[in-house]
Amino acid sequence: MAVSDMTTKLTLGPIAYHWPAEERRDFYARIADEAPVDEVYLGEVICSKRAPFHEPDLPAMIERLERAGKTVILSSLAEVMLKRERKATEDLAAMDHPEIEINNAAGLYARGKRPHRIGPFMNAYNEATIAWLAGQGATHVSLPTELPAEAIAVAAQAARGLGLGVEVQVFGRASLAVSARCYHARAHGRTKDNCQFVCEDDPDGMPLRTRDDAPILRVNGIQTQSESYVDLLPETGRLVADGVTHLRLMPQAVDMVAVAEIFRGTLDRALETSEAEARLRAVCTGTRFSNGFYHGQAGYRRIAGATSV
Amino acid sequence: MSLAELICPAGTPAALRTAVDAGADAVYCGFQDATNARNFPGLNFTPDELTETAAYAHARGTKVLLALNTYPPAGKVDLWRQAADLGVRIGVDAFIVADMGVADYIARIHPGTRLHLSVQAAASSPEAIRYYCESFGVKRVVLPRILTIPEIRQIRTEIPCEIETFIFGNHGLMVEGRCSLTNYLTGQSTNMDGVCSPASDVEYTRDADGSMSSQLAGFTIDRFGPEEKAGYPTICKGRYTAPHRREGYYAFEEPVSLNLSRLLPDLIDAGVHAFKIEGRQRSKSYVRGVVTAFRRAVDDIRAGRQADIADLVALTEGQKQTQGAFETKKWR
Chain A
405 MAVSDMTTKL TLGPIAYHWP AEERRDFYAR IADEAPVDEV YLGEVICSKR
455 APFHEPDLPA MIERLERAGK TVILSSLAEV MLKRERKATE DLAAMDHPEI
505 EINNAAGLYA RGKRPHRIGP FMNAYNEATI AWLAGQGATH VSLPTELPAE
555 AIAVAAQAAR GLGLGVEVQV FGRASLAVSA RCYHARAHGR TKDNCQFVCE
605 DDPDGMPLRT RDDAPILRVN GIQTQSESYV DLLPETGRLV ADGVTHLRLM
655 PQAVDMVAVA EIFRGTLDRA LETSEAEARL RAVCTGTRFS NGFYHGQAGY
705 RRIAGATSV
Chain B
1100 MSLAELICPA GTPAALRTAV DAGADAVYCG FQDATNARNF PGLNFTPDEL
1150 TETAAYAHAR GTKVLLALNT YPPAGKVDLW RQAADLGVRI GVDAFIVADM
1200 GVADYIARIH PGTRLHLSVQ AAASSPEAIR YYCESFGVKR VVLPRILTIP
1250 EIRQIRTEIP CEIETFIFGN HGLMVEGRCS LTNYLTGQST NMDGVCSPAS
1300 DVEYTRDADG SMSSQLAGFT IDRFGPEEKA GYPTICKGRY TAPHRREGYY
1350 AFEEPVSLNL SRLLPDLIDA GVHAFKIEGR QRSKSYVRGV VTAFRRAVDD
1400 IRAGRQADIA DLVALTEGQK QTQGAFETKK WR
């Protein structure tokens, strides 16, 4: 069987960081015009305080991306606690168009059995949970980033048997934790309520290093991310063979059009994996790659010699 | 006024008996495998041990809650189902669950079995809690440690189930059930394996200047001066540097423990049904001390007396304490 075909979709996940509105507009305009991605997730997933900065631009962005032939999906907040977060989740769940991706059980409650996607924060770790969610109207499931290959294969088979799309993150920093506390504000001696949006200073997350100066984690507001970028480029063949239908690229502060081209080229067999890897490294200078989670090992690790099926 | 049940940790059969004898209204425990979130070496119960100690608890009017609060990875769901079947046979009083697939299984196969929603499910809004109540018949939610008392009071009015809150013990910083920090550094997952900063990956090394480094899987989580006491390398309680923080700082939280003994009357008044004491990894004598002191404090409050909490303060002497998010949202 061919490694790939036109049926494997490349998606662009929601921007995890607090990029300024102007940069977001430029970013998505370029994605619409140039990036070979099939589907684009929009919306604020991490911090409800950021949403007012870029929500006004959403209708125009959706229109622009759809005009370029992309499917647009709106993602919901991962953490829902405050009144404004409950309201935002409820409003999103009421939408008929575009599609929505739910990242918190509050969204499932509001959505009922109307069709929706399950986001990576929903903890759909296994076939039993996927079957339950499918029975409640889920049409698509993003698997947790820490799920290893064997489990991905079982989950993907079950999901496809139920008619669901199956998505795995193949590029970008992994979300490792969320908290009620804002660690960006804390680093600057502030609290979440008076943060003054200091997270805007770090478009690729704020690096934390150990006290013997080794890079370890990234802070993005209430979220803690991996220092390394997940890179499953060499594993795309196996992912597709195992039944994964959608491969997710997470927006990082690098040339994401180039990243999308490299993954698309690999899927289409227009690029050799080794050549593609070399190009990806050149696009992401200075950042380590990891694929440990996929191989059932420490997430930060880079397991060499992993090859396409 | 709520019943203010005291829910106590039982990491071993001996700790379970101790907690029962000290006045626990309920104990919570798990099997010796990945089906619970304290899957630590030397802890937890064999099926025979649970059968025996559950009888001991029941004979003294203490309930037994079984934690099945991890997330089975695809292909391994049977282990959780078998644990649930076993728990039903043993006659535990409730299951503490997080995974929807596990909850759905118990609700369908063992209808009428009481389900509590684990803190690992991270249900922090009335809507999320109602989702689990309506979907699986959940009777009680263990709230994440991120809410203030006024927020808990408000949630209470909007949900159809009981509320349990942590009041004492280790103070996790991340939203439970959404943390892969340990897996990122060690290859063992909190959600799938029930492991957090495992002791098998811990190393302490003495540096040339007399300072001590605490490491997890080769990563330095903190360094301590010669006169400082070296702490356990829990990732979210380590000191790191950032571009604006060249001196190591507690990027997430200081190594403090939660102690809400002063807030007990307010929590009861807010409608909290049950108080959970963390610490299945703790010794028998710790369990005895904490349970005894809280038993007295809760009984005093329910009888309208001023609670004596001196013993509880003494239990954590020398340790930093916090009331976390419960007291003020400035914590966030």
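Residue numbers (this note's numbering), protein chains in the order written: chain A, 405 to 713; chain B, 1100 to 1431.
From the three backbone atoms N, C-alpha and C, an ideal C-beta is built for every residue, glycine too.
Proximal residues to residue i (C-beta, below 6 angstroms), its chain only, five neighbours per side dropped
i       : result
A/V713  : Low per-residue confidence applies at A/V713: pLDDT is 39, beneath 50, and the placement is therefore not dependable, though the value from the model is reported in the following sentence. Only G641, R642 and A645 meet the Cβ criterion.
B/I1251 : A1369
B/L1149 : I1189
B/G1388 : L1414
B/R1322 : S1310 and S1312
B/G1324 : S1310
Within-8 angstroms CB hit, residue i to chain B
i      : result
A/G696 : yes
A/D597 : yes
A/Q701 : yes
A/M405 : Confidence at A/M405 is low in this model, with a pLDDT of 39, below 50, so its placement is unreliable and no value can be given for it.
A/E448 : no
A/A532 : yes
A/C586 : yes
A/I504 : no
A/V484 : yes
A/R692 : no
A/N369 : Within the shown structure, residues of chain A are numbered from 405 to 713, placing residue 369 of chain A beyond reach of any answer.
A/S408 : The predicted model places A/S408 with a pLDDT of 41, which falls under 50 and marks its position as unreliable; any figure quoted below should be read in that light. Taking Cβ atoms only, chain B never reaches closer than 8 angstroms to A/S408, which makes this a no.
A/S480 : no
Chain A contact for residue i (CB, 8 angstroms cutoff)
i       : result
B/C1295 : no
B/R1305 : no
B/C1260 : no
B/L1359 : no
B/H1343 : yes
B/E1226 : yes
B/I1439 : Here chain B has residues from 1100 to 1431 only, and residue 1439 of chain B is not among them.
B/L1165 : no
B/T1256 : no
B/N1282 : yes
B/T1319 : yes
B/V1176 : yes
DSSP bridge partner residues for residue i (one or two, in chain order)
i       : result
A/C586  : In the DSSP output, where bridge partners are listed per residue, A/C586 has none listed.
A/E503  : A/I477
B/F1139 : Its beta-bridge partners do not exist; DSSP assigns none.
A/F719  : In this structure chain A extends from 405 to 713, so residue 719 of chain A is not present and cannot be described.
A/H650  : A/K413 and A/E571
A/L579  : Here residue 579 of chain A is Ser; the residue named in the question, Leu, does not match the sequence. Partner(s): A/Q629.
B/V1196 : B/L1167 and B/L1216
B/K1375 : B/I1106 and B/F1265
Own chain residues within Cβ distance below 7 angstroms of residue i, not counting five before or after
i       : result
A/A662  : V687
B/N1138 : D1132, D1292, G1293 and V1294
B/A1074 : Given a span of 1100 to 1431 for chain B in the structure shown, any question on residue 1074 of chain B remains unanswerable.
Residue range of the unbroken alpha helix (DSSP H) whose run includes residue i
i       : result
B/P1146 : P1146 to A1158
B/Y1204 : M1199 to I1208
B/Q1253 : I1248 to E1257
A/L469  : L462 to R471
B/E1226 : P1225 to F1235
A/I419  : Taken as a continuous stretch (DSSP letters only), A/I419 belongs to no alpha helix (DSSP H), as it is neither H nor E.
A/Y715  : Given a span of 405 to 713 for chain A in the structure shown, any question on residue 715 of chain A remains unanswerable.
Presumed contact (8 angstroms Cβ cut-off) between residue i and residue j, rounded CB distance
i       : j       : result
B/H1372 : B/E1226 : So it is not a contact: roughly 20 angstroms between Cβ atoms.
A/G569  : A/L653  : In fact, because the Cβ distance is near 16 angstroms, the residues do not count as touching under 8 angstroms.
A/E631  : A/H422  : Not quite, the Cβ-Cβ distance comes to about 19 angstroms (not below 8 angstroms), so this is no contact.
B/H1270 : B/V1355 : 6 angstroms
A/L481  : A/S452  : 6 angstroms
B/L1357 : B/F1267 : 6 angstroms
A/N527  : A/P548  : 6 angstroms
A/L469  : A/Y432  : 6 angstroms
A/I419  : A/P611  : So it is not a contact: roughly 18 angstroms between Cβ atoms.
Residue-chain proximity (residue i, chain C), Cβ-Cβ < 8 angstroms
i       : result
B/P1172 : Note that chain C does not occur in the displayed structure, where the protein chains are A and B.
Extent of the continuous beta strand (DSSP E) to which residue i belongs
i       : result
B/A1166 : K1162 to L1167
A/I477  : T475 to S479
A/M610  : M610 to R613
B/R1394 : It is not in any beta strand (DSSP E) - B/R1394 instead sits in the alpha helix (DSSP H) that spans K1383 to R1401.
A/A538  : Taken as a continuous stretch (DSSP letters only), A/A538 belongs to no beta strand (DSSP E), being part of the alpha helix (DSSP H) at E531 to G539.
B/M1311 : M1311 to L1315
A/S546  : A542 to S546
Proximal residues to residue i (C-beta, below 8 angstroms), its chain only, five neighbours per side dropped
i       : result
B/R1394 : L1105, A1121, G1122 and A1123
A/M405  : Because A/M405 sits at a pLDDT of 39, beneath the cut-off of 50, its placement in the model cannot be relied upon, and the point is left open.
A/A532  : none
B/Y1303 : M1311, S1312, S1313, Q1314 and A1329
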